[in-house]
Amino acid sequence: MRTAQPASGALPWRLLLWGSAALLLLLALVAMQFTPEVQWGAEDFLAAALLIGGAGALIELAIHRTRRGRMRVLLIAAVAAAFLLIWAELAVGIFR
Numbered sequence: 000m001r002t003a004q005p006a007s008g009a010l011p012w013r014l015l016l017w018g019s020a021a022l023l024l025l026l027a028l029v030a031m032q033f034t035p036e037v038q039w040g041a042e043d044f045l046a047a048a049l050l051i052g053g054a055g056a057l058i059e060l061a062i063h064r065t066r067r068g069r070m071r072v073l074l075i076a077a078v079a080a081a082f083l084l085i086w087a088e089l090a091v092g093i094f095r
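Residue 12 in numbering that gives the first Met the number 0 is what sits at position 13 of the sequence shown, and the numbering runs on without skipping anything.
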């Protein structure tokens, strides 16, 4: 049985993407130790993990399913914009 090998250069980008996602969660955990302004519970970490993981999965899907560079950039920008808007809404309620 043969397994699919990643395209050359694909692995560093995947490591960067998912490493950045993990770093965001770790950053919140570290911030909780040093400042009282960051008070996250388990549900906050779960929501952040789902939001970050979903955005990462959509970005990876956009990278793998599109061939044209401009379309990739637009899809990734749309995912990033949606991520930031949802994050801001959950954090401070910007749409209320």
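C-beta atoms are modelled at their ideal positions from N, C-alpha and C, and glycine is treated no differently. Just so we're clear, the structure is a prediction, and the values are computed from it rather than from any experiment.
**Report entry** Sub-9 Å separation of residue 24 and residue 51 beta-carbons
**Finding:** yes
Query raised in the report: Which whole-angstrom value describes the C-beta separation of residue 74 and residue 61, a residue pair presumed to lie in contact below a C-beta threshold of 8 Å?
Result: 4 Å
Query raised in the report: Can you tell me where the alpha helix (DSSP H) with residue 36 in it begins and where it stops?
Result: Careful: residue 36 lies outside any alpha helix (DSSP H) and carries neither H nor E.
Query - Endpoints, the alpha helix (DSSP H) within which residue 44 is located - result: 41 to 64
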